[in-house]
Amino acid sequence: MQTRKSHSKSRNGCETCKRRRVKCDEQGPPCANCVIRKTPCNYIRSIDMRHLAAPPQATTSSSAGSSPGSASASASTSASASGLTSASTSTLESTSVPSAESSSLRLLELELMHRWSTSTYKSVCSIASEEHLLKVTVPRDALKHPYLLDCVFAFAALDLAVASPEPADQASYARAGLDYHDRALRGFHAELGNIAPENHLPIFIVSTLLLPLNIARPQLVPAGGDRPRISARDSVLALFDLMACTALVATTTWDLLEAGPVQTRAWINQDVPVHLLDAGTKAAVARLHALNDGHRRDGPEAAAHESYQTKILHLEGCFARDIEASVKGSCLAWVGLTRGDFAEKFRRAEPLALIIMMHWGVLVENLGREAWWANQAGRNLVMELSGELQKLGFDSLPVWQESISWTRQQVGLPPLV
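Numbering-wise (our numbering), the sequence shown opens with residue 672 and increments by one.
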């Protein structure tokens, strides 16, 4: 019979970890587990036994009116009686050893960087040839650019929030991710006015990573927390604003980007096999054109008709690109092509802009089958916008009703009643 190996068991962990029956790192309070979960961290034993085992520290200062010798003797006597004196506590705190809280934060950020480099980066890798850029170059450059580091941590934390089976862990990682996202956004906006050859790549990368982060954010705001819920429509409006920043960075640094590791030409040179679209998608696009043709084609309405027609054609191209999927996430690029006047129409909740965005939501939902950050985002957008159109009475109009029903069916929603 194989004998069981003996092992040492520590009873010095915090009470929270003991109740959860998980291993405590005993570095607190707070310990790493309690930092991640944002739970109270309490230790019953007020004396750290490791400090008792350490050799006594020399006193660096004495109280007024006492000689160095008497102060040292007093400290030694007190250490023997109580385990740790205020003088030795000061000495320990003045060393280069990180505090328990900073150690726990370092453990969390080490976990987040590991998650990014082994898993998270894959969810934002649109082209296979950019894998080295995201897996190696981004973490390396993040060490020199705090806003990029915060962006990486935000993405990894939200990834862990989605992957964690425990609701408490989901909420803890989500809170950390949203905090890092806020910091990354502030740092990014502060850096936008200082674009230069030496920082153009991290600025551009952050501008592109903020787009999927913005899509993921509404799904990960903890319910009942101190952050307000974000509507799907408001999230899209924020996406238009972020895409304007991405376009600014891209146009400012295009020559540098083309000479670097970003595969700009892969986006431009994609095939658009419209002839391969299935009958249902072709019919959906035809309905959008029919709804747009309801605009007058002369006078002030002519410009609106032409603008909508262009957006519908670009949307059809996105559906076609998804057939071969040589570049993942081409629907995000569509937002860059439709900002400006269309964004304003969507902001004003013009019905045709809403129904077009519902079809874009179908593309986002399809993307969500490959990328966790888009999961349910398209469905939520279609559900919210179809509700708005129903309130306006458009669900009872024949062509409108067919368009609404098709988009809801594509994202797994039942027909409106």
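Backbone N, C-alpha and C fix where the C-beta goes; we use that ideal spot for every residue, glycine too.
Return helix, strand or coil for residue i, following the three-state DSSP convention.
{"i": "D1068", "result": "Residue 1068 is actually Leu in this sequence, not Asp. Residue state, collapsed to three classes: coil."}
{"i": "N683", "result": "coil"}
{"i": "E837", "result": "coil"}
{"i": "A867", "result": "coil"}
{"i": "G1011", "result": "coil"}
{"i": "G1058", "result": "helix"}
{"i": "D1089", "result": "Past the boundaries of the shown model lies residue 1089; the chain is included only from 672 to 1088, so the question cannot be answered."}
{"i": "T1078", "result": "helix"}
{"i": "A909", "result": "helix"}
{"i": "P873", "result": "helix"}
{"i": "S902", "result": "coil"}
{"i": "L1063", "result": "coil"}
{"i": "R691", "result": "helix"}
{"i": "S1083", "result": "Position check: residue 1083 holds Gly in this sequence, whereas Ser was assumed. Here G1083 sits in coil by DSSP."}
{"i": "T710", "result": "coil"}
{"i": "H966", "result": "coil"}
From residue i to residue j, what distance separates their C-alpha atoms?
{"i": "R690", "j": "R900", "result": "32 Å"}
{"i": "R811", "j": "A1020", "result": "43 Å"}
{"i": "V1088", "j": "T687", "result": "49 Å"}
{"i": "H985", "j": "C695", "result": "54 Å"}
{"i": "L962", "j": "G1083", "result": "24 Å"}
{"i": "W1031", "j": "L913", "result": "17 Å"}
{"i": "L1038", "j": "P700", "result": "42 Å"}
{"i": "V833", "j": "L910", "result": "21 Å"}
{"i": "R982", "j": "T1009", "result": "Strictly speaking, residue 982 in this sequence is Lys, with Arg absent from that position. Straight-line Cα distance between these residues: approximately 6 Å."}
{"i": "R1050", "j": "I886", "result": "12 Å"}
{"i": "F859", "j": "L1003", "result": "20 Å"}
{"i": "A1042", "j": "H785", "result": "19 Å"}
{"i": "A1048", "j": "N683", "result": "45 Å"}
{"i": "A950", "j": "E869", "result": "49 Å"}
{"i": "A847", "j": "D821", "result": "10 Å"}
{"i": "P1086", "j": "V956", "result": "19 Å"}
{"i": "D888", "j": "R904", "result": "Before going on, a small fix: residue 888 reads as Arg here, not Asp. Distance between the alpha carbons of R888 and R904 is about 13 Å."}
{"i": "D840", "j": "V943", "result": "42 Å"}
{"i": "H976", "j": "L919", "result": "27 Å"}
{"i": "S788", "j": "L1060", "result": "43 Å"}
{"i": "V1033", "j": "V1006", "result": "14 Å"}
{"i": "L814", "j": "V1035", "result": "32 Å"}
{"i": "W1077", "j": "G864", "result": "44 Å"}
Identify the continuous alpha helix (DSSP H) that holds residue i and give its terminal residues.
{"i": "E1041", "result": "Run containing E1041: none; DSSP gives neither H nor E here."}
{"i": "G988", "result": "E972 to E995"}
{"i": "A950", "result": "A950 to N963"}
{"i": "E929", "result": "W925 to A930"}
According to the neighbour-count rule (16 or more other Cβ atoms, all chains shown, within 10 Å of its Cβ), is residue i buried or exposed?
{"i": "L1063", "result": "exposed"}
{"i": "D853", "result": "exposed"}
{"i": "W1044", "result": "buried"}
{"i": "R777", "result": "exposed"}
{"i": "V807", "result": "exposed"}
{"i": "V823", "result": "buried"}
{"i": "H803", "result": "exposed"}
{"i": "H960", "result": "exposed"}
{"i": "S737", "result": "Its pLDDT being 41, under 50, S737 is placed unreliably in this model, and the coordinates cannot settle the point."}
{"i": "N704", "result": "buried"}
{"i": "W1071", "result": "buried"}
At 4 residues or longer, and completely inside the region 782–867: list those alpha helix (DSSP H) runs for me, N to C. 809–813, 817–834 and 838–862
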